[in-house]
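2 protein chains.
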Amino acid sequence: MRIAVDAMGGDKAPGVVVEGAIKASVEYDLEILLVGPQDIVKEHLNRYNPGKSKIQIIHASQSVLMDESPTDAVRKKRDSSMHVSAHLIKNGEADAMVTAGNTAAALAIARSILGKLKGVSRPAIAAIIPNTIDATIFLDVGANAGSCGPEHLLEFAMMGSIYSKLILGKDSPRVGLLSVGEEKTKGSFITLSAFPLLEQAPINFIGNVEGKDIVNGHADVVVCDGFVGNTVLKFAEGASGMFFEVIKAEINRSLRAKLGMLLAKPAFKAFSDKLDYERYGGAPILGIKGACLIGHGRSTAAAIKEAIRVSSDFVRHKVNSNIEESLEKIKDKILIDNNTDIN
Amino acid sequence: MRIAVDAMGGDKAPGVVVEGAIKASVEYDLEILLVGPQDIVKEHLNRYNPGKSKIQIIHASQSVLMDESPTDAVRKKRDSSMHVSAHLIKNGEADAMVTAGNTAAALAIARSILGKLKGVSRPAIAAIIPNTIDATIFLDVGANAGSCGPEHLLEFAMMGSIYSKLILGKDSPRVGLLSVGEEKTKGSFITLSAFPLLEQAPINFIGNVEGKDIVNGHADVVVCDGFVGNTVLKFAEGASGMFFEVIKAEINRSLRAKLGMLLAKPAFKAFSDKLDYERYGGAPILGIKGACLIGHGRSTAAAIKEAIRVSSDFVRHKVNSNIEESLEKIKDKILIDNNTDIN
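Protein chains in written order, with this note's numbering: chain E, 1 to 343; chain Z, 1 to 343.
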């Protein structure tokens with residue numbers, strides 16, 4: 001199997017990307033196509049000693065910036081490492097791609113170059129959120145921030161359930177519909193209309209869930225529109241950053257507190273390992289041809305390695321053909337019964 | 001000034017409520033009407049030694065349960081402490097009310113008994129979220145979870161800005177519209193339509209903000225519909241609970257970590273004091289006649305005391321007449337210009 005890795009994606013690229021790629025290649029016996037400016041990537045590759053890894057450099061002269069507009073990334077940077085990675089999949093030279101770069105640009109490039117799976121009207125980005133037990137798949141977190149209809153939430157539910165089953169190994173993933181109360185009658189116009197569709201879907205639908213259920217392990221998959229998902233995700237990042245900033249400032253005020261934290265450090269390390277989202281290999285774009293895993297901009301080499309592993313699992317477990325077959329079935333049954341249009 | 005306090009609201013009622021009421025009465029020189037079953041409230045009052053407080057018990061034979069449906073609370077429990085508190089305002093016997101009981105029931109009772117302010121189509125619940133500097137007013141967090149139009153977001157922005165100015169003492173509160181990107185062109189159909197309305201409003205509108213800006217101090221007021229607000233708030237509660245559960249478990253595994261935490265305890269105490277939402281006196285329902293402050297179900301006596309203080313500030317600073325006057329002005333100007341209907 002061959003994985004294209006965007007060597008220029010992420011805040012610490014290409015260093016950590018090259019390092020992660022080497023480790024993944026050795027550990028999981030994968031062929032890696034490292035995509036980026038030949039000279040720069042080569043220099044880093046030599047620095048990390050590729051050893052027995054099976055790595056090839058594919059030249060790409062440009063790279064997409066973290067704050068670049070997706071439209072510009074698609075139209076004006078046709079030789080970017082992200083663009084070239086997607087083309088490798090399209091041309092059959094790679095099976096999947098991994099990038100820790102600009103999420104919106106990766107989505108736009110994946111949509112335009114790879115295209116949507118059969119039966120999918122709206123690809124979605126799924127975030128893997130650590131909970132007290134393992135992890136919850138939370139989607140959509142931003143691919144569809146403008147407007148989602150009930151039929152799109154149904155697609156997200158199906159795709160999330162399949163991902164949870166095939167990649168996280170859940171037997172019968174519990175799928176919850178994010179709303180403002182557990183009762184069937186609580187919600188927005190969109191969630192109220194989505195509820196009966198999810199009830200009829202071939203998934204383990206557990207009904208409405210609330211914000212707290214994204215993290216308490218009561219659901220394996222939580223479905224919402226991209227506006228809500230994106231907001232929750234950005235809030236989570238902001239809040240955890242704020243928490244650590246305030247606690248750090250308080251600890252640094254006193255020698256006693258500093259000493260205490262030194263003693264408690266292993267416990268905090270265990271805590272952060274337990275809630276480490278890097279273990280789950282980044283956020284997949286679900287519903288596009290090929291496989292595209294998006295790592296966090298702050299990805300470490302370990303995170304890149306895991307994203308590469310997950311992308312190979314994605315291909316091996318045939319996530320995409322599962323999605324296509326499942327959507328085929330429900331569209332005949334559920335959406336026609338409910339007179340719902342898929343655009 | 002007279003404040004009606006629902007003695008039966010909250011997980012630790014009536015004990016902490018009575019204690020908080022006594023403290024508030026003494027410290028802020030306020031008359032308190034403690035509403036609940038005469039015998040029970042009296043017993044608690046004697047236990048806490050009311051001293052120089054000006055407290056009167058108003059009998060109410062029933063109480064609203066934490067999980068009771070709002071409809072039942074409004075229709076079937078007409079002698080509940082919440083109901084009676086609202087009637088005290090309606091009859092001019094109290095200026096404001098405070099409850100740490102069932103939020104949805106309090107909202108329903110306030111809406112039905114007290115009614116909406118002139119010019120307000122949708123009352124909103126505002127949460128006061130601690131940030132790195134002080135606190136952000138975040139609304140609506142659940143009064144309108146079904147559907148909000150652009151004109152409702154405009155009302156929320158105006159009401160939030162007035163509350164921030166009059167109660168939190170901000171000179172020119174920075175009001176942000178919650179969206180999925182800072183650019184004006186990013187958002188849902190509703191936020192995109194709300195943007196020009198907020199631009200024309202007599203507020204310090206800083207444009208779109210994202211989930212992270214609810215906690216990073218970049219905005220004093222963050223406006224969103226009740227579905228998004230409610231989800232973020234419940235996610236925040238769930239996530240912080242999960243965090244503390246996991247870290248506690250890790251610390252309890254090791255004597256060394258326990259000792260460390262003992263040393264670091266004052267720093268953690270300072271941290272939690274800094275982010276203590278109880279300082280801000282609970283969540284106001286904005287847009288109804290009278291003043292209603294909702295405390296958290298887990299409110300301590302200190303939280304009840306602060307909620308009582310804030311409710312008296314609410315009355316003293318004439319939040320309601322400010323809201324009515326401001327909305328009067330914008331409805332003539334903005335909404336007619338933009339052809340927007342207020343229902």
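Beta carbons are placed, not taken as given, at the ideal position from N, Cα and C, and that holds for glycine. Keep in mind that this is a model prediction, so the values were computed, not measured.
At least one C-beta of chain Z is nearer than 9 Å to the C-beta of residue 191/E.
If you draw a straight line from the Cα of residue 26/E to the Cα of residue 5/E, it is about 15 Å long. Look at residue 97/E here: in three-state DSSP terms it is strand. By the beta-carbon neighbour count (other beta carbons within 10 angstroms, threshold 16), residue 244/E is exposed.
Neighbours of residue 208/E in chain Z, taken as residues whose beta carbon is under 8 Å from its own, are absent, since the nearest beta carbon is some 11 Å off.
Per DSSP, the continuous beta strand (DSSP E) segment holding residue 208/E begins and ends at 204–209. Using a Cβ-Cβ cut-off of 8 Å, residue 71/Z is close to nothing in chain E; its nearest Cβ partner there is about 11 Å away. For the options 312/Z, 283/Z, 226/Z, 7/Z, the alpha carbon positioned closest to that of residue 56/Z is the one of 7/Z. In the DSSP assignment, residue 168/Z falls outside any alpha helix (DSSP H) and carries neither an H nor an E.
Nearest to residue 177/E by alpha-carbon distance, out of 167/E, 163/E, 162/E, 194/E, is 194/E. As DSSP reads the structure, residue 59/Z sits in a beta bridge with 36/Z. Inclusion of residue 155/E and residue 111/E in the CB contact set at 9 Å is not warranted, their separation being larger than that value.
In this model, residue 322/E and residue 142/Z are separated by some 38 Å (Cα to Cα). Put simply, the CB of residue 135/E is far from chain Z, with every gap to its CB atoms at 9 Å or more.
Of the residues 68/Z, 12/Z, 79/Z, 67/Z, the one whose Cα lies closest to the Cα of residue 38/Z is 79/Z. Note on geometry: alpha-carbon atoms of residue 313/Z and residue 167/Z lie some 7 Å from one another. Against chain E, the beta carbon of residue 188/Z has neighbours under 7 Å at 145, 146, 147, 227, listed in chain order.
Residue-level contact check: residue 75/E does not touch chain Z, since none of the beta carbons of chain Z fall below 9 Å from its beta carbon.
Shown here, residue 136/Z sits in a strand according to DSSP, grouped into three states. Residue 238/Z sits close to residue 211/E, with the two beta carbons spaced by under 9 Å. Under the DSSP assignment, residue 78/E falls outside any alpha helix (DSSP H); it carries neither an H nor an E label. Taking the beta carbon of residue 254/E as reference, the chain Z residues within 8 Å of it are 266, 267, listed in sequence order. Distance from the CA atom of residue 124/E to the CA atom of residue 291/E, rounded to whole angstroms, is 12 Å. Residue 9/Z sits close to residue 17/Z, with the two beta carbons spaced by under 9 Å. Listed in chain order, the non-local C-beta contacts of residue 104/E below 6 Å within the same chain comprise 70, local neighbours out to five positions each way being set aside. Those residues of the region 117–135 of chain E placed with their C-beta closer than 8 Å to a C-beta in chain Z are 131, 132, ordered along the chain. From the beta-carbon of residue 219/E, no residue of chain Z is found nearer than 9 Å; the closest lies around 11 Å away. Between the region 223–242 of chain Z and the region 209–224 of chain E there are three or more inter-stretch CB-CB distances shorter than 8 Å, so the stretches are counted as touching. Taking 9 Å as the CB threshold, residue 151/E stays off the interface with chain Z.
At the C-beta level, residue 137/E and residue 179/E stay beyond 9 Å of one another. Judged by beta-carbon spacing, residue 275/Z lies beyond the 9 Å limit of residue 260/E, meaning their Cβ atoms are not closer than that value. Listed along chain Z, no residue sits closer than 7 Å to residue 66/E by beta-carbon distance, the nearest being about 13 Å off. Here residue 307/E has 98, 281, 282, 293, 295 as same chain residues with Cβ atoms under 6 Å from its own Cβ, once five neighbours each way along the sequence are excluded. Chain E has no Cβ within less than 9 Å of the Cβ of residue 160/Z.
Against chain Z, the CB of residue 234/E has a partner CB under 9 Å away; the residue lies at that interface.
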